[in-house]
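Engineer: Okay, here's the structure, questions in a sec.
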Amino acid sequence: MTSSVNSAAPADLLGQPVSTDNEAMQLALQLARRAFDAGEVPVGALVVQAGKVIGQGYNQPITTLDPSAHAEMVAVRQAAATVGNYRLSGATLYVTVEPCTMCTGLLIHSRISRLVFGATEPKAGAVVSALQLPQQSFYNHVLQADGGVMAEECAALMSEFFALRRAAQKRLKAQAATKAAE
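When we follow UniProt numbering, the leftmost residue of the sequence shown carries the number 1, and every step to the right adds one.
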């Protein structure tokens, strides 16, 4: 079975060497900007194993009509296909924003060894904010999580996106009110 998410995964960074967390987060931010440009919530992610990118993705639930097409999901699916194994032991996932419950569960079940995220997500973050899923003792996998890498840049992109979205909604409401008054 071929997933629409797999077919929508970009591949231009595959095989690119990455040596530092900041370098990887810069690439994740580039991916997040693609989501921004597509009208999606700007989150970008990549999976690195043995110093090379093996998976990449950005949020695409609107454009793919797939509610599971979060950046992390797209990147992990591509990484698993790249290495030919659904278990990604020894890999690190870099993502611009703290993962939600679905994506945190994905990281645990795929056996990603390390998570590095940029900005926290106070409302829906499931790693250190709203929930702390990796710290639950009933999981049979330990996910090392490090947050705050380039947090300001990651948070700024999210803030810009939602400010533009709120302004657009405000304009639409004003236009509707004007039409109704005519």
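All C-beta atoms, glycine included, are put in the ideal place defined by N, C-alpha and C.
1. Verify whether the separation of the beta carbon atoms of residue 106 and residue 134 is less than 9 angstroms.
2. Are there three or more Cβ pairs, one per stretch, closer than 8 angstroms when the stretch 159-168 is compared with the stretch 122-130?
3. If you draw a straight line from the alpha carbon of residue 4 to that of residue 70, how long is it in whole angstroms?
4. Tell me the rounded alpha-carbon separation between residue 6 and residue 14.
5. Mark residue 175 as exposed unless 16 or more other C-beta atoms lie within 10 angstroms of its C-beta, in which case mark it buried.
6. Quick one: Cα of residue 137 to Cα of residue 111, how far?
7. Can you check which of these residues, 86, 65 and 38, is closest to residue 54 by C-alpha distance?
8. Hey, residue 43 and residue 92 are a contact pair by Cβ (cut 8 angstroms); roughly how many whole angstroms apart?
9. Look up residue 105 in the DSSP assignment and say whether it is helix, strand or coil.
10. Give the straight-line distance between the Cα atoms of residue 148 and residue 58, rounded to the nearest whole angstrom.
11. Flag residue 74 as yes if its beta-carbon sits less than 9 angstroms from any beta-carbon of chain C, otherwise no.
12. According to DSSP, is residue 4 part of a helix, a strand, or is it coil?
13. For residue 144, is the classification buried or exposed, using 16 other Cβ atoms within 10 angstroms of its Cβ as the cut-off for buried?
Structural biologist: This is what the structure gives:
1. By one-based count along the sequence shown, residue 106 stands at place 106. By one-based count along the sequence shown, residue 134 stands at place 134. Taking 9 angstroms as the Cβ cut-off, residue 106 and residue 134 do not qualify as a contacting pair.
2. no
3. Position 4 of the sequence shown, counted from the first residue, corresponds to residue 4. Position 70 of the sequence shown, counted from the first residue, corresponds to residue 70. Any reading at residue 4 must be qualified, since the residue scores a pLDDT of 45, below 50, and its modelled position is unreliable; the value itself is stated next. Roughly 12 angstroms between the two C-alpha positions.
4. If you number the sequence shown from 1, residue 6 lands on position 6. If you number the sequence shown from 1, residue 14 lands on position 14. Confidence is the limiting factor: at residue 6 the pLDDT is only 45, short of 50, which leaves the residue's position unreliable and the question unanswerable from this model.
5. Taking the first residue of the sequence shown as 1, we reach residue 175 at position 175. The residue in question, residue 175, is exposed, as its Cβ has fewer than 16 Cβ neighbours within 10 Å.
6. What you label residue 137 is simply residue 137 of the sequence shown in a count that begins at 1. What you label residue 111 is simply residue 111 of the sequence shown in a count that begins at 1. Taking the straight line from one Cα to the other gives about 15 angstroms.
7. Walking along the sequence shown from the start, residue 54 turns up at place 54. With distances taken between Cα atoms, residue 54 lies closest to 86.
8. Within the sequence shown, numbered from 1, the residue matching residue 43 stands at position 43. Within the sequence shown, numbered from 1, the residue matching residue 92 stands at position 92. The Cβ separation is near 17 angstroms, so there is no contact.
9. Locating residue 105 in the sequence shown gives position 105, counting from the first residue. The answer is helix: DSSP assigns residue 105 an H, G or I state.
10. Within the sequence shown, residue 148 is the residue found at index 148, counting from 1. Within the sequence shown, residue 58 is the residue found at index 58, counting from 1. In a straight line, the C-alpha of residue 148 is about 19 angstroms away from that of residue 58.
11. Included in the structure is just one protein chain, with no chain C present.
12. As a position in the sequence shown, residue 4 is number 4, starting the count at 1. With a pLDDT of only 45 at residue 4, under the threshold of 50, the placement of this residue in the model should not be trusted; the figure read from the coordinates follows. Three-state result, residue 4: helix.
13. Stepping through the sequence shown from its first residue, residue 144 is reached at position 144. With fewer than 16 other CB atoms across the displayed protein chains lying within 10 angstroms of its CB, residue 144 is exposed.
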